[in-house]
Amino acid sequence: MLGRRGHHDRRTLANGAGYTLKVPAIDLAEVGAGSGSHVWIDAAGSMQIGPESAGAEPGPVCYGRGGTIPTITDANVVLGYINPDYLVGGALKLDAVLAATALQTRIANPLGMSIGAAAYGAHQIAASNMIRAIKAVSTECGRDPREFALFAFGGNGPLFACGMAASLGMSRVMVPPSAGLFSSFGLLYADVAHHYARTFRRLLRRSDLREIELAWHGLADQASEQLATAGFRGNAARIRRTASLHYAGQSFELTVPVPDGRIDAAMVAYLEEAFGQEHEKTYGHRAGADEPVELVAIQVVGEGLRARPNTMEKIRSTRVEPSAQAPRRAYFGRHHGWQATPILRRADLGTARTGPIIIEEYDATCVIPPGARATCDAASNIVIDLFDHAAG
55 MLGRRGHHDR
65 RTLANGAGYT
75 LKVPAIDLAE
85 VGAGSGSHVW
95 IDAAGSMQIG
105 PESAGAEPGP
115 VCYGRGGTIP
125 TITDANVVLG
135 YINPDYLVGG
145 ALKLDAVLAA
155 TALQTRIANP
165 LGMSIGAAAY
175 GAHQIAASNM
185 IRAIKAVSTE
195 CGRDPREFAL
205 FAFGGNGPLF
215 ACGMAASLGM
225 SRVMVPPSAG
235 LFSSFGLLYA
245 DVAHHYARTF
255 RRLLRRSDLR
265 EIELAWHGLA
275 DQASEQLATA
285 GFRGNAARIR
295 RTASLHYAGQ
305 SFELTVPVPD
315 GRIDAAMVAY
325 LEEAFGQEHE
335 KTYGHRAGAD
345 EPVELVAIQV
355 VGEGLRARPN
365 TMEKIRSTRV
375 EPSAQAPRRA
385 YFGRHHGWQA
395 TPILRRADLG
405 TARTGPIIIE
415 EYDATCVIPP
425 GARATCDAAS
435 NIVIDLFDHA
445 AG
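Following this line, the structure appears as structure tokens:
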């Protein structure tokens, strides 16, 4: 998912779970590389990840519940990234010996690799699957990922993020507080949004501008009424306008923001130029100024802005964070090998620290490779700056 200036990119043609739906949706790419995905060798002798998964039962081999096929979690335990004694605050103990035995027997020995190289290979293949998803919402849509920071959340996101960012040429990774609960927190406290649209299908320069302006006002009134009914008024309510446009004859459209103001000849010129820029950014080219632009639809988004309670701080205050630990051996690829890696808490990043570092928390593990620099900002986000030699 790509976010710019506080808003998510959206699309009108959604492909999810194998189905194509022509509905407005956040431009979200799915990744089939969960922590329970099996690591296996195909008939050609190549290592593969998934799509089969151990699920929660029996789960990864290290769970000790009867699983025999190594998984991504087993690989990360072998690499030293995951603490077998502190998963979910220590509530779930992992058996590192079982994980190592399964990976050695089923992967490392058949491929003639060391167990560290085998585990790191599995980790990188899983990361490459996630990288393809990032490219689906960035480079394949005319966006350069190097111009963005990688926002890593979920229990495993911060574990893979630095390697993924380095592979994409991105220079910064951010990990929010309570990363493993970030989606749940968003579900509870995200702003409310109501979407309204009206189809036009006419050439922009030949449209009745007064009709379009009245239509936008009508949609905005509906949005304001809906927000007021839900208790969002004044500064807690915000209205945004967008327009879907395409060159005459095209079967797909692009949506551009529409600033406040009258719909007049100046606004038409602005929309044509904004569409041309978006078309060039997305597809690499744009038509000449005389190519007619067609207005497909207008939209209004009514946003109800929720207060942000400091729930994350309350969550952190109820947890028992791990005490200081001795460094742990962790593997960072053939260039860096096995290294004694400091195990820190987020609170230990008051000043900048240089990797390798592993940050352990109740709900997530953050792996910072050699050469990367990490600190915490004022909002308790872990901010990781990468350099060429931090790719691993």
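Count the sequence shown with this note's numbering and you get residues 55 to 446, in order. Glycine included, C-beta positions come from ideal geometry on N, C-alpha and C.
Residue i - DSSP class collapsed to helix/strand/coil
{"i": "residue 298", "result": "strand"}
{"i": "residue 304", "result": "coil"}
{"i": "residue 135", "result": "coil"}
{"i": "residue 141", "result": "strand"}
{"i": "residue 122", "result": "coil"}
{"i": "residue 402", "result": "helix"}
{"i": "residue 314", "result": "coil"}
{"i": "residue 200", "result": "helix"}
{"i": "residue 236", "result": "helix"}
{"i": "residue 414", "result": "strand"}
{"i": "residue 271", "result": "helix"}
{"i": "residue 177", "result": "helix"}
{"i": "residue 167", "result": "coil"}
{"i": "residue 439", "result": "strand"}
{"i": "residue 214", "result": "helix"}
{"i": "residue 334", "result": "helix"}
{"i": "residue 276", "result": "helix"}
{"i": "residue 393", "result": "strand"}
{"i": "residue 107", "result": "strand"}
{"i": "residue 184", "result": "helix"}
{"i": "residue 348", "result": "strand"}
Of the listed residues the options, nearest to residue i (C-alpha basis)
{"i": "residue 88", "options": "173, 403, 209 and 340", "result": "209"}
{"i": "residue 394", "options": "401, 382 and 265", "result": "382"}
{"i": "residue 347", "options": "323, 336 and 426", "result": "323"}
{"i": "residue 426", "options": "434, 181, 406 and 265", "result": "406"}
{"i": "residue 434", "options": "424, 401 and 423", "result": "401"}
{"i": "residue 189", "options": "176, 204 and 175", "result": "204"}
{"i": "residue 267", "options": "143, 297 and 329", "result": "297"}
{"i": "residue 327", "options": "255, 155, 342 and 315", "result": "342"}
{"i": "residue 384", "options": "421, 207, 404 and 355", "result": "421"}
{"i": "residue 108", "options": "93, 102, 101 and 100", "result": "93"}
{"i": "residue 163", "options": "101, 139 and 126", "result": "101"}
{"i": "residue 301", "options": "331, 275 and 112", "result": "331"}
{"i": "residue 23", "options": "126, 140, 74 and 199", "result": "There is no way to answer for residue 23, as the model of the chain reaches only from 55 to 446."}
{"i": "residue 118", "options": "146, 98 and 304", "result": "146"}
{"i": "residue 98", "options": "333, 220 and 165", "result": "165"}
{"i": "residue 136", "options": "199, 167, 200 and 415", "result": "415"}
Short Cβ contact (8 Å threshold) for residue i with residue j
{"i": "residue 115", "j": "residue 173", "result": "no"}
{"i": "residue 242", "j": "residue 130", "result": "no"}
{"i": "residue 161", "j": "residue 105", "result": "no"}
{"i": "residue 286", "j": "residue 398", "result": "no"}
{"i": "residue 11", "j": "residue 316", "result": "Because the chain in this structure spans residues 55 to 446, residue 11 falls outside the shown range and cannot be described."}
{"i": "residue 349", "j": "residue 261", "result": "yes"}
{"i": "residue 230", "j": "residue 207", "result": "yes"}
{"i": "residue 412", "j": "residue 428", "result": "no"}
{"i": "residue 299", "j": "residue 257", "result": "no"}
{"i": "residue 417", "j": "residue 244", "result": "no"}
{"i": "residue 224", "j": "residue 181", "result": "no"}
{"i": "residue 126", "j": "residue 176", "result": "yes"}
{"i": "residue 334", "j": "residue 246", "result": "no"}
{"i": "residue 251", "j": "residue 351", "result": "yes"}
Straight-line gap, residue i to residue j (C-alpha atoms, nearest Å)
{"i": "residue 215", "j": "residue 312", "result": "35 Å"}
{"i": "residue 194", "j": "residue 380", "result": "44 Å"}
{"i": "residue 196", "j": "residue 169", "result": "39 Å"}
{"i": "residue 110", "j": "residue 91", "result": "11 Å"}
{"i": "residue 249", "j": "residue 152", "result": "51 Å"}
{"i": "residue 122", "j": "residue 128", "result": "11 Å"}
{"i": "residue 386", "j": "residue 410", "result": "9 Å"}
{"i": "residue 11", "j": "residue 178", "result": "Within the shown structure, residues of the chain are numbered from 55 to 446, placing residue 11 beyond reach of any answer."}
{"i": "residue 235", "j": "residue 353", "result": "32 Å"}
{"i": "residue 338", "j": "residue 318", "result": "29 Å"}
{"i": "residue 120", "j": "residue 155", "result": "13 Å"}
{"i": "residue 253", "j": "residue 292", "result": "22 Å"}
{"i": "residue 282", "j": "residue 273", "result": "14 Å"}
{"i": "residue 444", "j": "residue 255", "result": "At residue 444 the pLDDT is 49, less than 50, meaning the model places this residue with poor confidence and gives no usable figure here."}
{"i": "residue 239", "j": "residue 211", "result": "16 Å"}
{"i": "residue 55", "j": "residue 279", "result": "Summary for residue 55: the model assigns pLDDT 46, below 50, so the residue's position carries little reliability; its value from the coordinates is reported in the next sentence. When rounded, the distance between both Cα atoms is 30 Å."}
{"i": "residue 263", "j": "residue 271", "result": "12 Å"}
{"i": "residue 336", "j": "residue 222", "result": "19 Å"}
{"i": "residue 228", "j": "residue 187", "result": "18 Å"}
{"i": "residue 138", "j": "residue 171", "result": "20 Å"}
{"i": "residue 432", "j": "residue 269", "result": "44 Å"}
{"i": "residue 185", "j": "residue 265", "result": "45 Å"}
{"i": "residue 396", "j": "residue 424", "result": "11 Å"}
The ligand GDP heavy atom lying under 7 Å from the CB of residue i
{"i": "residue 184", "result": "With respect to the ligand GDP, the structure offers nothing, as it holds no ligand at all."}
Cutoff 8 Å: residue i Cβ touching any chain C Cβ
{"i": "residue 402", "result": "As a matter of chain content, chain C is missing from the structure shown, which is built from one protein chain."}
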